[in-house]
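Enquirer: Handing you a structure now.
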Amino acid sequence: MNAEIEQTLMLKQLLKNRIEQSDGWIPFDLFFNTIMYEPGLGYYSSGSHKIGEGGDFTTAPEISKYFSKAIARQTNRLLTMHAEPSIIEVGAGKGTFAFEYLKELEETGIEINRYYILEISADLKDRQMQLISGLPKSIRDKVTWLESLEMDPVDGILIANEVIDALPFKRFTIENEQICELGITLTNGELEEATKKSSKRLIDEIGLISIQIDRKFEEGFTSEIRLDFQKWFRGISSLINRGSMLFIDYGYVRSDFYRADRSKGNMICHYQNQVIEDPLQNLGYQDISASVDFTQLADTAIEEGFFIDLFTSQGVFLLNEESLNLIDDIDSNELRINEIQKLKQLIMPNQMGDIFKCMILGKGISRDNFEELNQLTHTL
Ligand SMILES: C[S@@+](CC[C@H](N)C(=O)[O-])C[C@H]1O[C@@H](n2cnc3c(N)ncnc32)[C@H](O)[C@@H]1O
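Position one of the sequence shown corresponds to residue 209 (the numbering used here), numbered consecutively onward.
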């Protein structure tokens, strides 16, 4: 039996056991956690190719090294505020961002104390270590992988590119004018989606959103919510004493996230670079993610004592003079044109430039570090 089929069967059996132990139904977020992160079996925890060329989906650092270099240029001003800044990267994928970002800091003469990586996937951690080992000793010696959130908070910045979209989420739908929770059940021994009466907590949270966006959700409207987001945010933000947190991800402000024409929700599955509708397909072998509700991120951050330093599109954030100069430095015309094409993919509004947003949060530092870019800010 090939390894892919074997892994899928093992995941299916694990899910069946969990469903049987839970009176025949598990919520979507538990299903998601199992198929994405179950040690050794889940999508992120197993050895499948996943990110970048030949994988299931790609991310900005995998498209162009100038993404990471441009972010380094943009974050220089946040690092130089501190005497001995450290960087924490959450969810480092194949390690490509760290590799290029660290090289760029070295080239621009920015001294850092340490570069910490917090990674949930043992498989990706191995790949990151392998890539980082190719950096000069003076740089790679600064990189440390965190085993837990137990460390003294640092001054500096935390960076998370496309991590929130990979966090678990609940799915809900409106049935007979009631908010129902979507989950997974067993029908004739096969996995199937099914709804259940929502918990009071889920009903209250969705009710609050409905008031905020001033719309009663229509019959059949289906969407997502990250109910445990605050807990996750509290954990990672506890690593920062004074400094900034930069989140880049695809998503919307709340009124757009829950827009009536997004009546099927914001979840997306990818298998070998193709969009798949059904989250029950290719178990453990397809990526599942959902857009970020940036209003949730902003509200949570403010509640946890941060201020919003910047909220803009990825296109606007990358398009600054210094980043563009980086491309000008490429000698060969052919290579330069090639890189410009890749950067266009990251910057153009009809590609990743608009749907991907950048949010920078600050704590214990001065405000308005991005005043000029904030004029192009989206309204939260
Ligand atoms: C979509 S990938 C993005 C990877 C990388 N940042 C990039 O841009 O290529 C999501 C990454 O977040 C990691 N991840 C997901 N949940 C996490 C968590 N709770 N803590 C740390 N890493 C997490 C995944 O293992 C993976 O490395």
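Where is the CB? At the ideal position from N, CA and C, for every residue including glycine.
All values reported here derive from a predicted model rather than from experimental measurement.
What are the boundary residues of the alpha helix (DSSP H) that includes THR403?
Expert: Taken as a continuous stretch (DSSP letters only), THR403 belongs to no alpha helix (DSSP H), being part of the beta strand (DSSP E) at 398-405.
Enquirer: Touching or not, the stretch 306-320 and the stretch 448-460, by the rule of three or more beta carbon pairs under 8 Å?
Expert: no
Enquirer: Would ALA211 be called buried (16 or more neighbouring beta carbons within 10 Å of its own) or exposed?
Expert: exposed
Enquirer: Leaving out five residues before and five after GLY232 in sequence, what residues of the same chain have Cβ atoms less than 6 Å from its Cβ?
Expert: THR393
Enquirer: The alpha helix (DSSP H) that contains ARG281, what's its start and end?
Expert: 273-287
Enquirer: Does the distance from the C-beta atom of PHE377 to that of ALA498 stay below 9 Å?
Expert: yes
Enquirer: Pick helix, strand or coil for ILE392, following the three-state DSSP scheme.
Expert: strand
Enquirer: With GLN482 as the anchor, note down where its alpha helix (DSSP H) starts and where it stops.
Expert: Note, GLN482: premise wrong, no alpha helix (DSSP H); beta strand (DSSP E) at 482-484.
Enquirer: Are SER590 and LEU569 touching if we call contact CB-CB under 9 Å?
Expert: A query on residue 590 cannot be resolved here, the shown segment of the chain reaching from 209 to 588 and no further.
Enquirer: Any heavy atom of ligand 1 closer than 8 Å to the beta-carbon of PRO269?
Expert: yes
Enquirer: Starting from the Cα of ASP522, find the closest Cα among ASN546, TYR245, GLN553 and GLU530 and give me that residue.
Expert: It should be pointed out that residue 522 corresponds to Gln in this sequence rather than to Asp. Comparing alpha carbon positions, the residue from ASN546, TYR245, GLN553 and GLU530 closest to GLN522 is GLN553.
Enquirer: Per DSSP, what are the beta-bridge partners of LEU326 in this structure?
Expert: In DSSP, LEU326 forms a bridge with VAL298.
Enquirer: Apart from the five residues just before and just after THR352, which ones in its own chain have a Cβ nearer than 7 Å to its Cβ?
Expert: ARG322 and TYR324.
Enquirer: What residue from LEU249, GLU228, PHE429 and ASN241 has the CA that sits closest to GLN215's CA?
Expert: LEU249
Enquirer: Contact criterion: CB-CB distance below 9 Å. Does SER406 meet it with respect to chain B?
Expert: You won't find chain B in this structure, because it holds only one protein chain.
Enquirer: Who are MET475's beta bridge partners in DSSP?
Expert: ALA498
Enquirer: Compute the Euclidean distance between the alpha carbons of THR381 and GLU485, then round it to the nearest angstrom.
Expert: 17 Å
Enquirer: Is DSSP giving ASN534 helix, strand or coil here?
Expert: Before going on, a small fix: residue 534 reads as Leu here, not Asn. Correct three-state label for LEU534: helix.
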